[in-house]
Structure formats: structure tokens, C-alpha cells
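Protein chains: 2
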Amino acid sequence: MAAKRRSEMMEETRAKLIAAGRKAFAEQGFAAASMDELTAGAGLTRGALYHNFGDKKGLLAAVVAQVDGEMAARAQAAAADAGSLWEGLLAEGSAYINLALDPEIQRIVLLDGPAFLGDPSQWPSQNACLAATRQKIGQLQAEGLLKPVDVEAAARLINGAALNAALWVAASDAPQTILPKAVAALTCLLSGFLAEGSGSEPE
Amino acid sequence: MAAKRRSEMMEETRAKLIAAGRKAFAEQGFAAASMDELTAGAGLTRGALYHNFGDKKGLLAAVVAQVDGEMAARAQAAAADAGSLWEGLLAEGSAYINLALDPEIQRIVLLDGPAFLGDPSQWPSQNACLAATRQKIGQLQAEGLLKPVDVEAAARLINGAALNAALWVAASDAPQTILPKAVAALTCLLSGFLAEGSGSEPE
DNA sequence: ATATTGTGCATACGCTCCGTATGTCAATTT
DNA sequence: AAATTGACATACGGAGCGTATGCACAATAT
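Pasting the structure below:
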């Protein structure tokens, strides 16, 4: 392996720490994860961690930002091949439920994130998922397909409903049987935003 | 003060610990709260705590159960003087948003609760709030006013949407101006559950 | 090329906190 | 009244976080 510049080394250790943190936080939860174990697993010590991220919560923030970005990408992908904008919103909604079934996402982003970093809308990563939903709703509203509700409020409600549904599905005995129920209920809920004679309603 | 029986003393110390825990968890969060300080504030030691609640999470569970019960009572009260069952559901929904604005409820029940005790539906307190919503939805559905969605799913979605909206409202700069927006959006969402020609739609 | 400075990270230390094991004294039992 | 139970306090050990300090190497200066 060729010699590396200092900045490259720095980025590499950051990446290693984030990867190790992601694994540890997902498996044990943020509170129970030990910084000593975590860093040792990455071939480093706590010194590197405090130098790069300030403190334990700093690493959590970095991990959350990474996972959040991946979530947004996956949700966008799910909504990409939808016929209409409205179907795109529905697809994105059910994609959120599916995303939240991922234990890693659930633990890190949905449970520990809000508990230790506070409200998601104030995270440095600025919650890419929420931004995507906001944008879709804005478009739909501009086309007159939705009732005139506050865009931000609608996005928050949708995301909140989806992630809570996912927590329920994930904690149940037979996730695969009640997952469709959750998606159906979410679709139902979303139809409440539709303007009266928009013509976009399913059948 | 007259002498007390042993069981009465026991209940009294439990109550004192729960009260102290409730205060400490609300002000500092569960993770940051010190059991030594907490118990000392109640004129006791950690010995009493471990004897009565097993461990730190045991106390959290007890506190959550208490607050959860109060939440359900307040939500029921808000929905009590509604004209119709449907309006009752709407009132309950906006009541949840208002409840979640309470910093104590937010911190203990909505943030630390799920993070440290897991999914609310599996709490020993069995989430009285959720049960109330479930029951209202069941009634409405029996009367044919709602689309045939899964009752549990609908209840989870509604509660999730409401609490997330509240987190958003609470973290904002001007809560009082965006609170009505959140309530309006929730009302909108809920109307998605209404059956087509139910006649219960507002105007 | 040698010296110097700065930086990335490791090591060492103190402090706090949790959980358990043990002790103690009052209340109940017989 | 002696014994036993149980509620709570005290004492102990271990672990973890954050900081202060040290070290080695890279980057720049001369």
C-alpha cells in the first residue's frame, strides 16, 4: 500500500471509528456501548475518538448522519419508479416503514438518536428523509392535489406515523403478517391530505 | 403523625422514590440522572431503590407507568365533552399533541421510555393512551364510519403522528404559532380514515 | 539535510456511577 | 420474650467517561 497523506489518514480513522460506532451502537445501544471496546475493535484507542469527535455523543451524531443519508437514498429509490407524484409519496411512506424495520436504523436513528441528540429536525445532518418528504408534499400542493396544510407539519406527521408503525411491526411476533396492515393504514391516512375532487384517489 | 404499618411505609417510600425519579429524569434525562442524588433528595439511599425497584430501569418503568396513566386521563377528559365519537377522536388526537408539549412527558415517556425500555406496546403499563385510541377507533369502525383498516395499526399511526408533531412543535422557536398548524394537519390526516359517504365529514 | 514546529493519536489519571454483598434495626411471629 | 423476617443503609468492587499529558512522525522552515 502506498504511503498516504495526513489528511487521508485522518479520514480513514474517522471512517473506521464511525463504522465501529455504528456496529456497537446498533448491537448494544448507545448507552451500553463502551468506547474502549469500540475503539479497540477498530485498532485504535479512545484518544483518537476524542480527538476526532469531541465526545461520545459526537460519534453518535456522525453515525446518525451517515445512516440518515443512506435512509434518504433508499427512500428516494423506492419512490423513483412510481407512476405519479402521489404514488411516489405513498411509496416513500411505505419505504419509511420498511426502513424502520431495520434493527440498525431503529436502534440508532429512531430510538437513541432522539433520546441523546434531541429533536431530529435540529440535527446537523438535518434529516435528509424529512427533507425529501417535505419536497414531495410541496410539489403536490403546488399542483393543487392536496389540501392546504402546512408542509412541514404534514411531513413530520407522516414520518412520525411511519416510524411508529415500524416500531410496532418490528416488536410484534409475526412482522410479515402485520406489515401490510401498517402500510394499508398509512395509505389510508395519507389519503386524508388529498383535496376533495383531485381525481388522484385510487379507484 | 400516627404510627404507620409496615406496608404503608413501604408504599410511602415507593411514592417518594417515584416522585424523585420523575423529577430527576424529567430535568436531566434518564441517562444523566444519578441514583445517589435522586435518592438522597428523597431522604433515602440507593439501598431503598434497589430493594423496591430492582434497578435503575425498574424505577424508570414505574415512573413511566405513572405518567402514562395521567396522560390517558387527561386525553380522555379532553375527548369527553365532544359532540360525536368522531369529534372525540379528533379531540383526543390534538390532546396528544398538547400532552407531548409537556417537557416532562416528552423527556420521560416519549424519548427515554422507548430508548431504555423498548417498544411502548410492550411496557408493563401497557400504554393506556394507546388503549384509549384503540377503543375509540373500534367503536367508530363498528358503526361503519371508518374504512376497514386494522384497529391497532390505525391507533399506532395516530399516536405516532401526534407525538412526532409535538416534538416538532416543542423544538420550534414559536410553539404557539405552529401548534394550530400541527393540529390542523393531524385533523386532515385523520379524515383519511373516514369511510366515503359517512356524512361525518366536517361541513 | 538538519532543526523546529505542529498534529494525530496513545497513555495515564481521577472521578462518578452502577450493581451487589453485607450489615443493622425495627416490626412481626410464636 | 426470643426468634425471625424484612426494609433499608453502608461498604465494596468494577467499569466507564472525560481530561491531561506524552510521544512519534509528518510538514515546514532554514
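Chains as they are written, first to last, in numbering that gives the first Met the number 0: chain A, 0 to 202; chain B, 0 to 202. We put the beta carbon where it would ideally sit given N, CA and C, even for glycine. Predicted, not measured: the structure shown is a model, and the values here were computed from it.
Query	Result
Give the DSSP-derived three-state secondary structure of residue 204 (chain B) in the structure shown.	Missing from the structure shown is residue 204 (chain B); chain B here goes from 0 to 202 and no further.
Quick check on residue 198 (chain A) - is its C-beta less than 8 Å from some C-beta in chain B?	Residue confidence is low: residue 198 (chain A) scores 49 on pLDDT, short of 50, so the model does not pin down where it sits. No coordinate-derived value is stated.
Pull up the CB-CB distance for residue 98 (chain A) and residue 163 (chain B), whole angstroms please, since I reckon it's below 8 Å.	Not really, about 15 Å apart at Cβ, beyond 8 Å.
Exposed or buried, what is residue 44 (chain A) when buried is set at 16 or more other beta-carbons lying within 10 Å of its beta-carbon?	exposed
Using a beta-carbon distance below 8 Å, is residue 33 (chain B) in contact with chain A?	no
Name the chain B residues whose beta carbon is nearer than 9 Å to that of residue 121 (chain A)?	170
Can you give the Cα-Cα distance for residue 11 (chain A) and residue 181 (chain B), rounded to whole angstroms?	43 Å
Under 8 Å between the Cβ atoms of residue 111 (chain A) and residue 24 (chain A)?	yes
My assumption, with CB atoms under 8 Å, is that residue 153 (chain A) sits in contact with residue 192 (chain A). Please give the rounded CB distance.	6 Å
Since residue 163 (chain B) meets chain A, which of its residues come closer than 7 Å, beta carbon to beta carbon?	155, 156, 158 and 159
Using only the alpha-carbon positions, how far apart do residue 183 (chain B) and residue 148 (chain A) sit?	7 Å
Residues of chain B with CB closer than 9 Å to the CB of residue 113 (chain A), please, in chain order.	109, 110, 113, 114 and 166
Please decide whether residue 42 (chain B) counts as near chain A, where near means a Cβ-Cβ distance under 8 Å.	no
For the alpha helix (DSSP H) holding residue 68 (chain B), just list the boundary residues, first then last.	55-79
Can you give me the C-alpha to C-alpha distance between residue 198 (chain A) and residue 89 (chain A), rounded to a whole angstrom?	Low local confidence applies: a pLDDT of 49 at residue 198 (chain A) is under 50, so the model's placement there is unreliable, and no value is given.
So, are the CB atoms of residue 123 (chain B) and residue 60 (chain B) less than 8 Å apart?	yes
Helix or strand or just coil, what does DSSP make of residue 162 (chain B)?	helix
Quick one, which of A:141, A:94, A:178 and A:15 has its alpha-carbon nearest residue 52 (chain A)'s?	A:15
Rounded to a whole number of angstroms, what is the C-alpha to C-alpha distance between residue 158 (chain B) and residue 41 (chain A)?	40 Å
Could you check whether the Cβ of residue 30 (chain A) sits closer than 8 Å to any Cβ belonging to chain B?	yes
Ends of the alpha helix (DSSP H) at residue 135 (chain B)?	127-141
Cβ closer than 7 Å: which chain A residues qualify as neighbours of residue 181 (chain B)?	152
Are the beta-carbon atoms of residue 94 (chain A) and residue 77 (chain A) separated by less than 8 Å?	yes
Identify, in the order they occur along the chain, each residue of the same chain with its Cβ nearer than 6 Å to the Cβ of residue 103 (chain B), setting aside the five sequence neighbours on each side.	25
Listing by chain order, which chain B residues have their CB less than 7 Å from the CB of residue 187 (chain A)?	146, 148, 191 and 192
So which of B:62, B:132 and B:67 has the shortest CA-CA distance to residue 91 (chain B)?	B:132
Sort out for me which residues DSSP pairs residue 193 (chain A) with in a bridge.	A:145
Along chain B, in chain order, which residues have C-beta atoms closer than 7 Å to that of residue 184 (chain A)?	148, 149, 152, 153 and 156
Just how far apart, CA to CA, sit residue 75 (chain B) and residue 72 (chain A)?	41 Å
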